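> Following the numbering used here, the numbering of the sequence shown begins with 55 at its first residue and continues without gaps.
For every residue, glycine included, the Cβ atom is placed at its ideal position computed from N, Cα and C.
Computed from a predicted model, the values in this text were never measured in an experiment.
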Amino acid sequence: MFDKRFLVGIVLIVLTGCSSVIGVVRDKNTSTPISSATVTVMRTSTTTTTDAVGHYKLAGMFIPGDTMMINAPGYNIYTGTLRNGAGQEFIDVDLVPKK
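Following this line, the structure appears as structure tokens:
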């Protein structure tokens, strides 16, 4: 039989949401992928950078309402709100070049 603490731990993990955010970052004007952009979920300080074709993936304990920020040299900073607390959320972002 399972230990009750083990079962409580599993329930907490499911309820708090182990999730991932996946997407592509592109230039708004040209649709060119942006490499080396920094992608951060602010509450958890979980950070990654986009690869050569603009893809990113963040995994962590995210909750609905967490703020995501994307920053790349030469572009305006993007901020958005996560909607899902568990599972995968797909967020593609078109960054606006600075003038």
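So, with DSSP's three-state summary, where would you put N83?
coil
> Assign L112 to one of three DSSP states: helix, strand, or coil.
strand
> Does the beta-carbon distance from T100 to G119 come in below 8 angstroms?
no
> For the ligand PLP, any of its heavy atoms closer than 7 angstroms to the Cβ of V147?
Here there are no bound small molecules, and the ligand PLP is not part of this structure.
> For the beta strand (DSSP E) holding G134, just list the boundary residues, first then last.
132–135
> Output yes or no for whether 8 angstroms exceeds the beta carbon distance between L136 and V79.
no
> Give the DSSP-derived three-state secondary structure of N138 in the structure shown.
coil
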